[in-house]
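**Q** In the working numbering, the protein residues as written are 158 to 442.
(1) Who are the near neighbours of residue 221 in its chain, counting only those whose CB is closer than 8 Å to its CB and skipping five residues on each side?
(2) Whole angstroms are fine: how far does the CA of residue 352 sit from the CA of residue 133?
(3) Restricting to runs no shorter than 3 residues, where is the beta strand (DSSP E) found entirely within the region 192-248?
(4) Going by beta carbon distance, what residues of the same chain come within less than 8 Å of residue 284, once the five residues before and after it are set aside?
(5) Tell whether a beta-carbon distance below 8 Å holds between residue 401 and residue 273.
(6) Any heavy atom of the ligand COA within a distance shorter than 7 Å of the CB on residue 264?
(7) Report the residue from 321, 244, 365 whose alpha carbon sits nearest the alpha carbon of residue 349.
(8) Grouping DSSP H, G and I as helix and E and B as strand, with all else coil, what is residue 346?
(9) Could you tell me which whole beta strand (DSSP E) segments of length 3 or greater appear in the region 329-393?
(10) Whole angstroms is fine: what's the gap from residue 419's alpha carbon to residue 192's?
(11) With C-beta atoms as the reference, is residue 347 less than 8 Å away from residue 382?
(12) With residue 313 as the anchor, note down where its alpha helix (DSSP H) starts and where it stops.
(13) Tell me the rounded alpha-carbon separation between residue 175 and residue 182.
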């Protein structure tokens with residue numbers, strides 16, 4: 158009897174480690190990560206990372222692309238799920254198995270997406286937190302939601318670039334990420350806070366909105382715009398060159414920078430009839 162497509166997928170199972178499964182799940186959730194990001198997330202040695210990624214590519218579990226760099230050279234490799242990676246994740250989550258054409262189109266749409274740089278920057282924020290947690294056992298990124306997941310979970314009341322829960326020594330801070338690339342006016346950036354205010358009124362949960370900005374000058378301009386705004390929504394800013402786990406966050410209306418773990422974060426009051434909280438009283442949706 159000739160082998161079927163599922164037989165072909167089963168044949169590579171002996172080559173898939175538990176780390177590989179975590180890597181595939183992360184790419185399923187967040188679509189694209191660079192070699193350097195995957196190195197910091199899963200590997201100690203860069204060479205080991207490069208070898209393993211190419212082995213997974215040879216198995217059809219991963220695929221990659223990169224563009225020319227302005228001025229010469231190439232940008233880093235951007236890794237995505239390959240066709241077998243899409244098939245494996247579909248099986249893991251009881252989704253319809255994609256065709257080779259569908260997998261190829263997904264790759265093409267992702268690589269040609271004009272918002273690709275923005276997506277990589279947003280992912281970089283969470284990669285840095287995850288890398289920090291690898292080095293510091295007392296810290297943990299307990300939730301990392303992509304833009305698509307956050308929009309779905311929050312029923313599009315808000316559409317942050319990401320949402321997370323950051324825990325240090327048992328204390329948990331929830332936050333919403335707005336990764337800024339400078340493509341929007343700061344007036345429009347400030348206007349995003351209206352939807353967060355609406356969510357606070359609806360759910361009584363006050364998580365800080367983190368504006369991660371491309372330059373100190375842009376950060377200073379945003380703070381000037383925020384001066385006339387009521388403090389209903391907690392806001393803090395930092396720049397892309399900063400480690401988001403550190404004392405780099407400048408809350409609106411203050412002059413001193415604090416750690417992410419020290420930002421105010423009110424999870425609200427869980428009630429028995431409110432399905433938006435988990436067993437630990439942490440806001441879900």
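Here a beta-carbon is modelled for each residue, glycine too, at the ideal position from N, C-alpha and C. Please read all numbers here as calculations on a predicted model, not as lab measurements.
**A** The structure says:
(1) 210, 214, 234, 235, 236, 237
(2) Absent from the structure is residue 133, since the part of the chain shown begins at 158 and ends at 442.
(3) 219-222, 235-238
(4) 190, 194, 197, 198
(5) no
(6) Within the structure as shown, the ligand COA is missing, as the structure has no ligands at all.
(7) 365
(8) In the structure shown, residue 346 sits in a helix (DSSP, three-state: H, G or I).
(9) Within the region 329-393, the complete beta strand (DSSP E) runs of at least 3 residues are 366-370.
(10) Their backbone Cα atoms lie some 31 Å apart in a straight line.
(11) yes
(12) Taken as a continuous stretch (DSSP letters only), residue 313 belongs to no alpha helix (DSSP H), as it is neither H nor E.
(13) 11 Å
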